[in-house]
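One structure is given here, and the rest of the page talks about it.
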Amino acid sequence: MIENIKTFILWVLIITSVLFTWQIWTYQHDYNFINETEYYESEQIGEERSLEELIQPKQVITHEEDNSFWIQPTNNHYLLLMEELKQVNIQEIRRGSNSFARTINDVQGIELLFSHEIKGEWIHRFFEMDQEEPFPMEGLDRIIIFINEQSSETEVSVRFMSTSEDVLYQANTNLSATSLISLYEQYEDTHKTLVEERSLLGSAGGLYTVNYMPVEEVEANKYFYTATELSIEAFKNGLFNDPEFVKQYSLGNDEVFADGIRMMSVENDGYLLKYGQTSQSLQPGAGERSIVDASIDFINGHAGWTGNYQLDQWRDSLINDRVTYRLHVKGLPTLSTNFSNQDILTFNITRQGSQISEYVRPLFHFENEDLFDGHYDTVTLPSYDDLISIIEQKEILETSNIEDARIGYYMRIATYVFFEPSWFVKERGSSSWRRIDTSEQAQSRSQARESDDSGLE
1 MIENIKTFIL WVLIITSVLF TWQIWTYQHD YNFINETEYY ESEQIGEERS
51 LEELIQPKQV ITHEEDNSFW IQPTNNHYLL LMEELKQVNI QEIRRGSNSF
101 ARTINDVQGI ELLFSHEIKG EWIHRFFEMD QEEPFPMEGL DRIIIFINEQ
151 SSETEVSVRF MSTSEDVLYQ ANTNLSATSL ISLYEQYEDT HKTLVEERSL
201 LGSAGGLYTV NYMPVEEVEA NKYFYTATEL SIEAFKNGLF NDPEFVKQYS
251 LGNDEVFADG IRMMSVENDG YLLKYGQTSQ SLQPGAGERS IVDASIDFIN
301 GHAGWTGNYQ LDQWRDSLIN DRVTYRLHVK GLPTLSTNFS NQDILTFNIT
351 RQGSQISEYV RPLFHFENED LFDGHYDTVT LPSYDDLISI IEQKEILETS
401 NIEDARIGYY MRIATYVFFE PSWFVKERGS SSWRRIDTSE QAQSRSQARE
451 SDDSGLE
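The UniProt record's numbering applies: residue 1 is where the sequence shown begins, and numbers increase by one.
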């Protein structure tokens with residue numbers, strides 16, 4: 001009898017041990033994966049932003065009689081213009097004639113060009129819409145508001161155009177011709193640069209894109225800022241569901257935080273944060289919303305926006321969705337840096353299925369005011385045609401391969417952070433911008449002008 005009891009107890013202990021062992025080996029913490037609709041709010045370091053604040057034109061062009069002018073984006077010109085356009089009511093959207101694209105310089109009005117196509121469904125956020133039906137275009141990259149002298153129904157019409165699809169639609173507006181003229185006459189001549197249209201071979205190969213390039217010199221200011229580091233703890237607490245399960249270790253010069261499912265690394269001397277989820281943790285299925293909408297919510301819920309970043313490019317696909325927001329200074333994009341990793345200029349988010357799989361962003365922000373409180377050095381940049389001459393003379397690259405050219409900022413990190421205006425070009429097939437040094441030519445032109453002035457005295 002006693003032996004039977006001992007045997008029974010022994011079997012109970014064996015079975016209990018097996019159960020405990022199985023539970024230990026099969027235990028997995030109850031991780032909640034970060035997807036596009038569910039995330040854990042963290043300490044707010046920056047600001048929340050809306051889609052309307054993050055999408056601004058790369059250029060605003062006014063067409064006045066026989067001339068076209070680039071409205072420089074300083075003093076929040078583009079942001080204020082987009083706010084004013086929200087009051088414009090558009091009606092009776094209809095398919096337009098493609099011949100209009102070839103006669104745009106013959107009209108009087110304002111043209112907005114975007115660096116990447118924006119979704120047609122977003123137009124409801126930028127204008128007042130009478131109709132409830134969906135916007136008829138998938139995407140567009142140009143908006144032209146012009147005085148329509150041929151219409152008896154409206155004084156001012158608006159055109160929505162897609163360069164890649166070669167599609168355009170036209171609509172009536174509630175604007176008067178006088179209101180449209182006053183809209184762009186508010187800009188002082190010091191903020192307007194004479195431009196002409198140039199056709200550059202786009203990335204699609206054989207498709208020429210519309211670009212307006214300055215035909216005169218452009219003056220832009222240098223800026224100097226101090227950089228402030230952001231709290232790593234705030235990101236750790238927001239990006240990991242249970243921070244107490246997170247392990248921290250060093251990997252070379254980088255600090256790594258991981259919980260077995262997610263990993264966050266602080267790289268490049270603390271300037272850059274990278275976050276990702278393991279491929280095993282990602283769930284199949286497509287995202288319900290655009291990567292742009294999903295990424296805005298994600299960043300708003302994870303410390304927010306620390307600086308003026310604008311939508312630069314994005315891609316929705318069946319496999320990987322990706323979006324990039326680029327740092328802007330006084331309205332101009334920051335296109336290159338002396339830092340080893342160009343990612344410090346952008347916020348980058350990748351989505352697989354419905355889940356955010358990667359998040360890369362800088363770990364610093366700038367003080368609101370620059371160090372010199374309004375006293376800046378001014379840089380004089382050459383016209384586009386002079387830029388091309390410099391490139392050809394120095395044999396920097398094949399000008400026939402130029403896909404795009406822009407004036408933007410070069411960021412140099414030292415004791416302080418310096419932003420210097422420069423010309424940049426993008427070669428076909430490249431994802432990065434190349435800075436073109438024109439300082440030597442600018443100095444020669446300045447000396448020539450001084451010589452001319454002294455000769456006149």
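In this text, a Cβ means the ideal position worked out from N, Cα and C, and glycines have one as well.
If you draw a straight line from the C-alpha of N300 to the C-alpha of F245, how long is it? About 24 Å.
Should D312 go down as buried or exposed, given a rule of 16 or more other Cβ atoms within 10 Å for buried? It counts as buried.
Contact set for M411: own chain, Cβ-Cβ below 6 Å, skip 5 residues either direction: Spatial neighbours of M411 in its own chain (CB-CB distance under 6 Å, excluding positions within 5 residues in sequence) are listed in chain order as T334, T337 and F419.
Which partner residues does L251 have in the DSSP bridge list? Under DSSP, L251 forms a beta bridge with D254.
Once DSSP output is grouped into helix, strand and coil, what is the label at W423? The answer is strand: DSSP assigns W423 an E or B state.
Look at K58 and L140 and say whether their C-beta atoms are less than 8 Å apart. No, they are not a contact pair.
For I291, the first and last residue of its enclosing alpha helix (DSSP H): First-last of the alpha helix (DSSP H) with I291: I291 to N300.
Considering only the beta carbon of each residue, do Y427 and R434 sit closer than 8 Å? Strictly speaking, residue 427 in this sequence is Glu, with Tyr absent from that position. Yes, the Cβ-Cβ distance between E427 and R434 is below 8 Å.
Does the Cβ-Cβ distance between P382 and I390 come in under 8 Å? Going by C-beta atoms, P382 is nearer than 8 Å to I390.
Smallest Cα separation from I181: which of F424, S50 and E64? When each option's Cα is compared against that of I181, the closest is E64.
Jot down the residue ranges of each uninterrupted beta strand (DSSP E) in the region 179 to 218, minimum 3 residues, whole runs only, in chain order. When DSSP assignments are scanned along the region 179 to 218, the uninterrupted stretches of beta strand (DSSP E) that are 3 or more residues long and fall wholly within it turn out to be 192 to 201 and 208 to 214.
Pull up the distance between the alpha-carbon of D66 and that of R315, whole angstroms please. Spanning the two alpha carbons is a distance of roughly 37 Å.
Check whether the region 189 to 196 touches the region 67 to 75, counting contact only when three or more Cβ pairs, one atom from each stretch, lie closer than 8 Å. By the Cβ rule, the region 189 to 196 counts as touching the region 67 to 75, because three or more pairs are nearer than 8 Å.
How would you write the range of the alpha helix (DSSP H) that Y384 sits in, first residue to last? From DSSP, the alpha helix (DSSP H) with Y384 extends over Y384 to K394.
Would you mind working out which of E83, T209, A171 and E132 sits nearest H116, comparing C-alpha positions? Minimum Cα distance to H116 is reached at T209.
Based on the DSSP output, what are the partners of F146 in its beta bridges? BP columns for F146 point to G109 and S157.
Compare the C-beta of I45 against all C-beta atoms of chain B and say whether one is closer than 8 Å. Protein chains in the displayed structure number just one, and chain B is not present.
Outcome for V150 when other beta-carbon atoms lying within 10 angstroms are tallied against a minimum of 16: Note that residue 150 is Gln in the sequence shown, not Val. Counting every other CB atom within 10 Å of its CB across the protein chains shown gives Q150 a total below 16, marking it as exposed.
Burial state of E395 (16 or more Cβ within 10 Å): That one is exposed.
Taking the straight line between their C-alpha atoms, what separation do you get for M213 and E398? So the two alpha carbons sit approximately 18 Å from each other.
Using only the alpha-carbon positions, how far apart do H365 and I147 sit? As the crow flies, the alpha-carbon of H365 is around 43 Å from that of I147.
Do A303 and residue 463 come within 8 Å of each other at the CB atom, strictly closer than that value? Residue numbering for the chain in the displayed model covers 1 to 457; residue 463 lies beyond these limits and cannot be assessed.
Going by beta carbon distance, what residues of the same chain come within less than 7 Å of Y325, once the five residues before and after it are set aside? Cβ neighbours of Y325 beyond the five flanking positions: L54, Y309, Q310, L311, D312, T346 and F347.
Pick out whichever of D321, R406, K236 and Q91 has its Cα sitting closest to the Cα of E153. With distances taken between Cα atoms, E153 lies closest to Q91.
Relative to the C-alpha of I402, which residue among S164, D297, I436 and Y225 is closest? Answer by Cα proximity: I436.
Taking only the alpha-carbon atoms, compute the straight-line gap between I291 and T62 and give it to the nearest angstrom. So the alpha carbons of these two residues sit roughly 32 Å apart.
Could you give the DSSP three-state label for G120: helix, strand or coil? Correct three-state label for G120: helix.
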